[in-house]
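Below: one structure, written as structure tokens.
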Amino acid sequence: MSEPLIHPDITKAHTLPSRFYTDEKSFQHLMNDMRNSWYFAAHSSQFVEHDVIPLIDIEEMLGDALILTNSDKIRCLSNVCTHRGMLVATGPRKCSTLQCKYHGRTFGMDGCLKNMPEFQDVEGFPSASDDLPGFPITEWKGLQLVGGDRYLKEAIAELQSRLGWLDVASFKHDKSRFRSYEIGANWALYVDNYLEGFHIPFVHGDLHGVLDDDEYRTELFEGGVLQIGIARKGEPHFAPPENSQECGERVAAYYYWFYPGLMLNFYPWGLSINQVIPLSVDRTRIVYHGYVGNPEMLGKGAGGDLDKVEMEDQEIVEATQRGVSSKSYDRGRYSPKMERGVHHFHRMMTLNE
Ligand code: FES
Ligand SMILES: [Fe+2]
């Protein structure tokens, strides 16, 4: 049997070959593979203002236009009108039925066709194929998750066992925390950078001032990585309860990454979600959504100035894209102490190589 591309023993392993960041074929291969993964769609608090929410991030990631609707329950439906393909909802809104703007076809919030003008003479109409197809949806504490089920059970078990004590369902959507950046780098380079705290002292001076590097740690699980940032003395932190694994520790942040590109960053103020959306082999969109649980903690500690940290990361990641695109570079080695998360990710990316 040939050796795996990324050796399972980090002390022997070489990092991901540069073609994974630069080659169109490798990019397409990974894109197809991502269809089996699950994705974050919305948090229940977004339904205070809206009854229907188009899933723009997911459309960009998977090429499928979907919506969430909220009536007797939350559903995930196709956002494509079954008449001639217009989008049913072009933005989030309040409504009790879904009416296509093009020729007036109307669907219930469950996706069933209700009415269509000028179709009296159409044979066999309506049939089930005129309804909006539905897709699976799962909820964890208000987070609505859609897509495939690869690693989904593992993710929910991990979140529940670690953060079951945190009242994520009561967090409130904060529109002002939305950001969307387009960067000139492959999506996996952005993920690589997220998965290690190794660069914090070099790249993030302010963040380094609040996190204790000796206590920073990385835990691996099936389908993802958790990094725990511990606050320096006097810096803001969670107070994890007695039944939690971090009871008595000054946790400044729980940084969760789930394959391929979802980041759930829990701070004492609430939850900042990043979606890493591959646009092409060397272009990526990074979207931020914010949900606030404890407004008094906003602007403080590790989650205090996320815009600054993001700019610092983007600069590094874009320059690294140029580096890995150079003919003279192919791959490097990992620090066994600091880069276990990156190694775990690269092993996942190359499972089928
Ligand atoms: S495309 Fe929707 S009613 Fe015609
Ligand atoms: Fe960073």
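Each number in the working numbering comes from the position in the sequence shown (counting from 1) with 863 added on.
No residue lacks a Cβ here, since even glycine has one placed at the ideal position from N, Cα and C.
Nothing here was measured: the structure is a model prediction, and the numbers come from that model.
Distance between residue j and residue i (C-alpha atoms, nearest Å)
i	j	result
Ser889	Asn1049	11 angstroms
Leu1161	Val911	22 angstroms
Glu887	Leu929	27 angstroms
Glu1098	Leu950	48 angstroms
Pro955	Lys1016	29 angstroms
Ile916	Ile1063	36 angstroms
Gly1186	Tyr1044	21 angstroms
Gln1184	Tyr1151	22 angstroms
Tyr1154	Asp1030	12 angstroms
Ala1020	Cys944	36 angstroms
Phe1065	Leu1169	17 angstroms
Glu1002	Asp1055	27 angstroms
His1100	Ile1091	11 angstroms
Ala808	Lys1096	Nothing in the structure corresponds to residue 808, since the chain is present only between 864 and 1216.
Gly1195	Phe1061	15 angstroms
Pro989	Gln962	16 angstroms
Pro880	Leu1083	22 angstroms
Asp1145	Glu923	15 angstroms
His946	Ala952	14 angstroms
Ala1149	Glu986	The question names Ala, but residue 1149 in the sequence shown is Ile. Whole-angstrom Cα-Cα distance: 47 angstroms.
Lys1163	Ser1033	21 angstroms
Arg1210	Gly1086	11 angstroms
Leu925	Lys875	35 angstroms
Ser1039	Ser1135	12 angstroms
Gly1133	Thr1081	21 angstroms
Beta-bridge pairing of residue i - partner residues as DSSP gives them
i	result
His877	Arg1196
Phe998	Cys939
Pro917	Ile930
Ser1189	Per DSSP, none; premise fails for Ser1189.
Gly1092	Ala1116
Lys957	Lys957 pairs with nothing; no bridge assigned.
Arg1040	According to DSSP, which records beta bridges pairwise, Arg1040 is partnered with nothing at all.
His906	Leu1006
Leu1058	Its beta-bridge partners do not exist; DSSP assigns none.
Contact test: residue i Cβ vs ligand 2 heavy atom, cutoff 7 angstroms
i	result
Asn1056	yes
Val1066	yes
His1062	yes
Val1172	yes
Asp1176	yes
Residue i classed as buried or exposed, judged by whether at least 16 other C-beta atoms fall within 10 angstroms
i	result
Leu1214	exposed
Tyr1057	buried
Gly1124	buried
Ala1094	buried
Asp1077	exposed
Tyr1192	exposed
Tyr1079	buried
Asp984	exposed
Ser992	exposed
Gln1108	exposed
Tyr1219	In the structure displayed, the chain extends from 864 to 1216; residue 1219 sits before or after that span and is not available.
Ser900	buried
Asn978	exposed
Residue i: CB within 7 angstroms of a non-hydrogen atom of ligand 1
i	result
Cys975	no
Tyr1079	no
Cys944	yes
Cys963	yes
Gly967	yes
Gly948	yes
I'd like to know if the stretch 1104-1115 and the stretch 987-1002 are in contact, where contact means that at least 3 CB-CB pairs between them fall below 8 angstroms.
no
Does the count of Cβ pairs from the stretch 887-905 and the stretch 1123-1143 closer than 8 angstroms reach three?
Output reads yes: the stretch 1123-1143 touches the stretch 887-905.
At a cut of 8 angstroms, does the stretch 1117-1126 reach the stretch 1012-1025 through at least three beta carbon pairs?
yes
Would you say the stretch 1061-1074 touches the stretch 1147-1159, given that touching needs at least three Cβ pairs under 8 angstroms?
no
Below 8 angstroms, can you find three or more Cβ-Cβ pairs linking the stretch 867-886 to the stretch 1162-1177?
no
Does the contact criterion of 3 or more C-beta pairs under 8 angstroms hold for the stretch 938-947 versus the stretch 972-979?
yes
Inter-stretch contact (C-beta, 8 angstroms, three-pair minimum) for the stretch 901-909 and the stretch 873-887:
no
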